[in-house]
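Reading through the structure tokens given below for one structure.
Protein chains: 2
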Amino acid sequence: MGEKDHDSSSSSFKEAAQRLDHRGWNEQQYLEQYDVSEFERPSVTADMLIFTILDEQQDNYRKLPEKSLHLMMVQRGEHPYLGWWALPGGFVAMNESLDEAAARELHSETGLDGIYMEQLYTWGAVDRDPRTRVISTAYMALADSTRQQIQAGDDAQDARWFKLGYRVLQEKKVHIEGGCRLERDMQVELVHQDIRLSGTVRVTRTYRGTLNGEQWQVLSSDGIAFDHVQMIAYGLERLRSKIEYTDIAFNLMPPLFTLSALQQVYEIVLGKELLAPAFRRKMAPRVIATNEYTKDAGHRPSQLYRYRPEWEV
Amino acid sequence: MGEKDHDSSSSSFKEAAQRLDHRGWNEQQYLEQYDVSEFERPSVTADMLIFTILDEQQDNYRKLPEKSLHLMMVQRGEHPYLGWWALPGGFVAMNESLDEAAARELHSETGLDGIYMEQLYTWGAVDRDPRTRVISTAYMALADSTRQQIQAGDDAQDARWFKLGYRVLQEKKVHIEGGCRLERDMQVELVHQDIRLSGTVRVTRTYRGTLNGEQWQVLSSDGIAFDHVQMIAYGLERLRSKIEYTDIAFNLMPPLFTLSALQQVYEIVLGKELLAPAFRRKMAPRVIATNEYTKDAGHRPSQLYRYRPEWEV
DNA sequence: CAAATAGTGTCTATAAGACAATATCTC
DNA sequence: GAGATATTGTCTTATAGACACTATTTG
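If you read the protein sequences in the order shown, they are chains A and B.
UniProt numbering applies: residue 1 is where the first sequence begins, and numbers increase by one.
UniProt numbering applies: residue 1 is where the second sequence begins, and numbers increase by one.
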């Protein structure tokens, strides 16, 4: 899961360690006098965006169940943001890597292990957290809803699946000297039963000649703790763009699925309808047909497929 | 440059701050007793990959100057890795954001400001740094070589431009229970005059059904400090993939350039030759022709173009 | 049979790859 | 004219979009 170990067993590294610095110390002497408490340090947390696709209840027996994207949120039992909802996450311990901390959070909230996980972004504004300086690395995990543990998480403590919706509120182009600024406001909405959370994020891209960089900021947040709205918005963007050029979507599918269900997942994430023939053509090399079919569907049954991993090709 | 501010001026946030927690405290009371030194904290650094394209000297007056990708490295004057070369970088201060720290490093090493910068990845293995626990966020910046400051950096203190080469050493597929593991070893080589640094990185992708995640590790490092080899390899991968679907390459170009020079840059980054007609067709909507031409070239002069920013379309 | 989804065929438009051919400069 | 790069034209191939049409199940 992206853990980056380091092997420093190079022959000439030992040589570098024997060299003397400007105080005449070799590396060992330097490390012995190194004062860890010399500088004030920030806290570091790992926060987890856990996405899954869940079915909505459906009254018409003929229609396919509508699916939607869900995100795991945890209600805060402590200050700050007491009672508000936050992404599962916590401080990185000194004896665990960043990835291990993220995996730990994932496991403790959902019971899941070994599912798809990737690092998203590290948020480092000075006053992100009222307690103290906190730098947070956001991760994204994708779970397939049929996993046993997923359902279990639902009635555990304060973790809940929220139905996730988003839309672009406005796009604005501001001309500045030597270029322009593009602002896009994006609204995120989270719903679990009668709990409704929302927030707005502004992404500003500054162009001077070429793109210089982008800046994210929280415009408003209702019930979503810290700057987690922008982590969610950022994660959604990553998911949307990666579903177009990777096989990431199959991590949201059970082992056997219909092509219609797969198309639904693409449509939900991309937020637009796709044409079935083109979709099937594009997916053909990525799936393997089985001899099984859905049944009792109220309409023509559908063939079940499984994923053909890239490495099997 | 990706700074993520937070505005918590929501009406119901004030309400949350007045709520009492399990000890009967409101937020203010909680914050007053919050002990910052309760937990041991890691250090955080921001490290900068600064890429540029530089010309090689050329003896044949008729041929175009060969270009190549260069990366800024700094020689370490302190333990650990004394005398080895590292990416420009340093500890994040308590009163600056992560992005500000990265921009500060960029400026102090090259004198550059306001150029393209993006966050790459955060490296969080436990023993990355022999001094203490250090978590490092890597950034990538792109500079166009004609900038005045770039040349200046070259004779400043211990910062140098290294010509950057890379190649895939081997790709291996290992079958494991329930899936497979794909290992790819990549070699990075840095050359400045008679200084030659190199290192090898292994990227392991584990598949169990679908892709679970990828793991990076340093196999060897000769003259490159810490785990900076893998930061470089990661940055190269990001640059290579983003040049295909964004306009990122124009950040490496001067304001006026020929299509051949632009093509050279694409070829260097992608590590393969491109067909000129297809390349020109694809670039046509992204550039604007000027009335200027190159001259004294020893061959047919070439028309100069400038970038047409996305937002102008 | 109606309702609903599953799945196929095909025409068109657009983009990418390959390569030949022509243009224009300097020494 | 030779050598080098610049630039255009065109044929082929692959892919994506649009839409009509056929197939199969259940109440």
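Glycine included, each C-beta is placed from N, C-alpha and C at the ideal position.
In whole angstroms, what is the alpha-carbon distance linking glutamate 292 (chain A) and glutamate 273 (chain A)? Note on geometry: alpha-carbon atoms of glutamate 292 (chain A) and glutamate 273 (chain A) lie some 27 Å from one another.
Is there a C-beta anywhere in chain A that falls below 8 Å from the one on aspartate 99 (chain B)? Yes, aspartate 99 (chain B) counts as interfacial toward chain A.
Which residues of the stretch 255–272 of chain B have a Cβ closer than 8 Å to any Cβ of chain A? Give them in chain order. Listed by position along the chain: Pro255.
Just to confirm the assignment, what range does the alpha helix (DSSP H) spanning alanine 278 (chain B) have? Where alanine 278 (chain B) is concerned, the enclosing alpha helix (DSSP H) stretches over 276–283.
Should glutamine 18 (chain A) go down as buried or exposed, given a rule of 16 or more other Cβ atoms within 10 Å for buried? Flag for glutamine 18 (chain A) reads exposed.
Identify, in the order they occur along the chain, each residue of the same chain with its Cβ nearer than 8 Å to the Cβ of aspartate 222 (chain A), setting aside the five sequence neighbours on each side. These residues qualify, in order along the chain: Leu197, Ser198 and Gly199.
Could you have a look at alanine 16 (chain A) and say whether DSSP puts it in helix, strand or coil? Alanine 16 (chain A) sits in a helix when the DSSP states are folded into three classes.
Could you check what DSSP says for histidine 22 (chain A) in three-state terms: helix, strand or coil? In the three-state reduction of the DSSP assignment, histidine 22 (chain A) falls in the coil class.
Under the DSSP definition of a beta bridge, which residues are partnered with tyrosine 266 (chain B)? Bridge partners of tyrosine 266 (chain B): none, in fact.
How would you list, in chain order, the residues of chain A whose beta-carbon sits under 7 Å from the beta-carbon of lysine 173 (chain B)? Residues of chain A passing the Cβ test: Trp311.
C-alpha gap between glutamine 217 (chain B) and glutamine 230 (chain B), whole angstroms: Distance between the alpha carbons of glutamine 217 (chain B) and glutamine 230 (chain B): 7 Å.
Can you tell me which of the three DSSP states glycine 199 (chain A) falls into? In the three-state scheme derived from DSSP, where H, G and I count as helix and E and B as strand, glycine 199 (chain A) is classed as strand.
Buried or exposed: where does serine 241 (chain A) fall if 16 or more other Cβ atoms within 10 Å of its Cβ makes it buried? An exposed status is given to serine 241 (chain A), since fewer than 16 other beta-carbon atoms sit within 10 Å of its beta-carbon.
Given a cut-off of 8 Å, decide if leucine 82 (chain B) and alanine 16 (chain A) are closer than it, judged by their beta-carbon atoms. Taking 8 Å as the Cβ cut-off, alanine 16 (chain A) and leucine 82 (chain B) qualify as a contacting pair.
CB glutamine 263 (chain B) to CB phenylalanine 279 (chain B), shorter than 8 Å? Taking 8 Å as the Cβ cut-off, glutamine 263 (chain B) and phenylalanine 279 (chain B) qualify as a contacting pair.
Neighbour flag for phenylalanine 162 (chain A) against chain B, beta carbons, 8 Å: In terms of beta-carbon proximity, phenylalanine 162 (chain A) stays away from the interface with chain B, with every pair separated by 8 Å or more.
Mind checking if aspartate 194 (chain B) is an interface residue toward chain A, Cβ cutoff 8 Å exclusive? Not one chain A Cβ lies under 8 Å of aspartate 194 (chain B).
Could you tell me whether any Cβ in chain A is nearer than 8 Å to the Cβ of proline 88 (chain B)? Taking 8 Å as the threshold, the shortest C-beta distance from proline 88 (chain B) to chain A does not fall below it.
C-beta atoms of tryptophan 161 (chain A) and methionine 72 (chain A) nearer than 8 Å: Yes, Cβ-Cβ distance for tryptophan 161 (chain A) and methionine 72 (chain A) is below 8 Å.
Cβ neighbour criterion (16 or more within 10 Å) applied to arginine 62 (chain A): A residue is called buried when at least 16 other Cβ atoms come within 10 angstroms of its Cβ; arginine 62 (chain A) does not meet this threshold and is exposed.
Three CB pairs or more closer than 8 Å across the stretch 44–60 of chain A and the stretch 128–144 of chain A: Result yes; three or more Cβ-Cβ pairs closer than 8 Å.
Sub-8 Å separation of lysine 173 (chain B) and leucine 164 (chain B) beta-carbons: No, these two residues do not count as a Cβ contact at 8 Å.
Give the C-beta separation of isoleucine 232 (chain A) and valine 265 (chain A) to the nearest angstrom, bearing in mind that I take them to be a contact with Cβ-Cβ under 8 Å. With 8 Å as the limit, isoleucine 232 (chain A) and valine 265 (chain A) do not qualify as a contact, their Cβ atoms being about 19 Å apart.
Based on the DSSP secondary-structure assignment, which residues constitute the bridge partners of valine 191 (chain A)? A:Lys163 and A:Arg196.
Given leucine 20 (chain B), which residues of its chain have a CB within under 8 Å of its CB, disregarding the five upstream and five downstream residues? Same-chain partners within the cutoff: Asn26.
Boundaries (first-last residue) of the alpha helix (DSSP H) holding tyrosine 30 (chain A): For tyrosine 30 (chain A), the enclosing alpha helix (DSSP H) stretches over residues 27–33.
If the cut is a Cβ gap below 8 Å, which residues of chain A does threonine 210 (chain B) touch? Per Cβ cutoff of 8 Å: Tyr116, Asp247, Phe250, Asn251, Tyr307 and Pro309.
Under a Cβ-count criterion, where at least 16 other Cβ atoms within 10 Å of its own Cβ denotes burial, should threonine 110 (chain B) be classed as buried or exposed? So threonine 110 (chain B) ends up on the buried side.
Could you check where the beta strand (DSSP E) with alanine 233 (chain B) kicks off and where it finishes? No beta strand (DSSP E) contains alanine 233 (chain B), which is instead part of the alpha helix (DSSP H) from 228–245.
If you draw a straight line from the C-alpha of tyrosine 121 (chain A) to the C-alpha of arginine 281 (chain A), how long is it? Note on geometry: alpha-carbon atoms of tyrosine 121 (chain A) and arginine 281 (chain A) lie some 34 Å from one another.
Which of the three DSSP states is assigned to residue 330 (chain B) in this structure? Residue 330 (chain B) lies beyond the residue range present for chain B, which begins at 1 and ends at 313; the question has no answer from this structure.
Alanine 103 (chain A): first and last residue of the uninterrupted alpha helix (DSSP H) it sits in: Segment 98–110, the alpha helix (DSSP H) holding alanine 103 (chain A).
Helix, strand or coil for alanine 225 (chain B)? Go by DSSP, reduced to three states. Alanine 225 (chain B) sits in coil when the DSSP states are folded into three classes, being neither helix nor strand.
Where alanine 145 (chain B) sits in the DSSP three-state scheme: The question names alanine, but residue 145 (chain B) is serine in the sequence shown. Three-state result, serine 145 (chain B): coil.
How would you write the range of the beta strand (DSSP E) that isoleucine 248 (chain B) sits in, first residue to last? Element bounds for isoleucine 248 (chain B): n/a, residue is neither H nor E.
For glutamate 40 (chain B) and methionine 94 (chain A), the rounded distance between their alpha carbons: Across the structure, methionine 94 (chain A) and glutamate 40 (chain B) are spaced so that their CA atoms are roughly 7 Å apart.
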